[in-house]
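Undergrad:
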Amino acid sequence: MISARKLKEKFEDNPMVVAVTNELTLGFALNSTNEIVFLLSGTISDLRVTVNKLLDKGKLVFVHIDMISGMSSSPAVVEFIGDIFDKKVGIITTKPALVKKAINENIRVIHRAFMVDSKSKNIFLDNITQNFTPDAVEIMPAMVHSVIREVRDKLPKMTIIAGGLVTDKKEIYEIINSGADAISTSSVKLLQD
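In this text, residue positions in the sequence shown follow this note's numbering: the first is 1174, and each later residue adds one.
(1) Spatial neighbours of T1206 within its chain, please: CB distance less than 7 angstroms, with the 5 preceding and 5 following residues excluded, ordered by chain position.
(2) What are the uninterrupted segments assigned as beta strand (DSSP E) that are 3 or more residues long and contained completely in the stretch 1182–1207, given in chain order?
(3) Only counting the same chain, and skipping five residues up and downstream in sequence, which positions put a Cβ closer than 7 angstroms to that of A1353?
(4) If you check the beta carbons only, do I1209 and L1233 fall under 8 angstroms apart?
(5) Can you list, in chain order, the residues of its chain with a C-beta nearer than 6 angstroms to that of D1239? Leave out the 5 residues immediately preceding and following it.
(6) List the residues that DSSP assigns as beta-bridge partners of A1335.
(7) Mind checking whether A1275 and V1251 have CB atoms under 8 angstroms apart?
(8) The alpha helix (DSSP H) with F1253 in it runs from where to where?
(9) Is L1242 helix, strand or coil when you go by DSSP?
(10) Count the other C-beta atoms from every protein chain shown that fall within 10 angstroms of the C-beta of G1200, then say buried if there are 16 or more, exposed otherwise.
(11) Closer than 7 angstroms by C-beta to I1312: which residues in its own chain qualify, once you throw out the five before and the five after it? Chain order, please.
(12) Express the C-alpha separation of N1300 and T1223 in angstroms, rounding to a whole number.
(13) For a test of the three-state rule: what should DSSP assign to R1322, helix, strand or coil?
(14) I need the straight-line Cα distance from L1212 to I1348, nearest angstrom please.
(15) According to DSSP, is L1213 part of a helix, a strand, or is it coil?
(16) Please state whether DSSP places T1266 in a helix, a strand or coil.
(17) Using a threshold of 8 angstroms, state whether the C-beta atoms of A1355 and F1184 are closer than that.
(18) With distance defined between alpha-carbon atoms, name the residue in I1217, I1257, Q1365 and L1364 nearest to S1368.
(19) Quick check on the DSSP output: the alpha helix (DSSP H) that includes L1220 runs from which residue to which?
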């Protein structure tokens, strides 16, 4: 398993993360030089094959367990991912209980959070500063620059990924300049530029 420091360096060295949402983005991920992949779609029955294809290409893979059809929000899902991939694969989740479980199981975890209002932002920051420390956080949508800056100020050593609603290269630079280490996108156009 990659160390937390190496993980942060990996995101800083690879600021464009392929978010796999369909066969097109999976094909792109398999054939691209992008080293980090977020698997955001699929089913529990095709998970092993898909992830192993990505691992065989040398990709660092994070499975969004909330978005894989057939998986539940049970902590057993975290153990399942750890067991079938021998802890070579990380997880992404919006659920604090599953973040804690992944930390306890020594599985790399990205806590994805939707910043819809001040309350959601404050709950998120309280969880991270008081209850648990994931390996990285993903802030959604990516276009909330002031929130990214605030999270960076409060969590200076945390790997911060921004995702969602990114449409052009100018926005990518703005997001990185606001404090994000990387951006996840399913836009092949943005990934190719």
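Don't be surprised by glycine CBs; every beta carbon is placed ideally from N, CA and C.
TA: Reading from the atomic positions:
(1) For the purposes of this step, residue 1206 is taken as residue 33 along the sequence shown, with counting starting at 1. No residues qualify anywhere along the chain.
(2) Annotation note: the stretch 1182–1207 contains the following uninterrupted beta strand (DSSP E) runs of length 3 or greater, listed N- to C-terminal: 1189–1193.
(3) In the sequence shown, counting from the first residue as 1, residue 1353 sits at position 180. Sequence-distant Cβ neighbours of A1353 in its own chain, meaning closer than 7 angstroms and more than five residues away, are I1321, I1333, I1334 and A1335.
(4) Your numbering for residue 1209 matches position 36 in the sequence shown. Your numbering for residue 1233 matches position 60 in the sequence shown. Pairing I1209 with L1233 gives a Cβ-Cβ distance under 8 angstroms.
(5) The residue labelled residue 1239 in the question sits at position 66 within the sequence shown. Taking C-beta separations shorter than 6 angstroms and ignoring five residues to either side along the sequence, the partners of D1239 in its chain run T1266 and T1267, following chain order.
(6) On the sequence shown, residue 1335 is found 162 positions in, with the first residue counted as 1. DSSP lists I1312 and I1356 as the beta-bridge partner residues of A1335.
(7) Position 102 of the sequence shown, counted from the first residue, corresponds to residue 1275. Position 78 of the sequence shown, counted from the first residue, corresponds to residue 1251. The answer is yes: Cβ separation under 8 angstroms.
(8) Reading the sequence shown from its first residue, position 80 is the one you call residue 1253. The continuous alpha helix (DSSP H) containing F1253 extends over residues P1248 to I1257.
(9) In the sequence shown, residue 1242 corresponds to position 69, counting from 1. Per the sequence shown, the amino acid found at residue 1242 is Ser instead of Leu. DSSP, reduced to helix, strand and coil, places S1242 within a strand of the structure shown.
(10) The count along the sequence shown starts at 1 and reaches residue 1200 at position 27. G1200 comes out exposed.
(11) Counted from its first residue, the sequence shown places residue 1312 at position 139. Counting only Cβ-Cβ distances below 7 angstroms, and skipping sequence neighbours, we find A1286, M1288, V1320, I1321, V1324, I1333 and A1335.
(12) Residue 1223 sits at position 50 when you count from the first residue of the sequence shown. Residue 1300 sits at position 127 when you count from the first residue of the sequence shown. Cα atoms of T1223 and N1300: separation of roughly 32 angstroms, rounded to the nearest angstrom.
(13) Here residue 1322 is taken as the residue at index 149 of the sequence shown, counted from 1. Assignment of R1322 by DSSP, reduced to helix, strand and coil, places it in the helix class.
(14) Here residue 1212 is taken as the residue at index 39 of the sequence shown, counted from 1. Here residue 1348 is taken as the residue at index 175 of the sequence shown, counted from 1. Straight-line Cα distance between these residues: approximately 22 angstroms.
(15) Numbered from 1 along the sequence shown, position 40 holds the residue referred to as residue 1213. If DSSP states are grouped into helix, strand and coil, L1213 belongs with coil.
(16) Within the sequence shown, numbered from 1, the residue matching residue 1266 stands at position 93. Residue state, collapsed to three classes: strand.
(17) Locating residue 1355 in the sequence shown gives position 182, where the first residue counts as 1. Locating residue 1184 in the sequence shown gives position 11, where the first residue counts as 1. In contact: A1355 and F1184 (Cβ atoms closer than 8 angstroms).
(18) One cannot answer for residue 1368 here, as it falls past the ends of the chain, which runs 1174 to 1366.
(19) Along the sequence shown, one-based indexing puts residue 1220 at 47. Counting along the chain, the alpha helix (DSSP H) containing L1220 begins and ends at L1220 to D1229.
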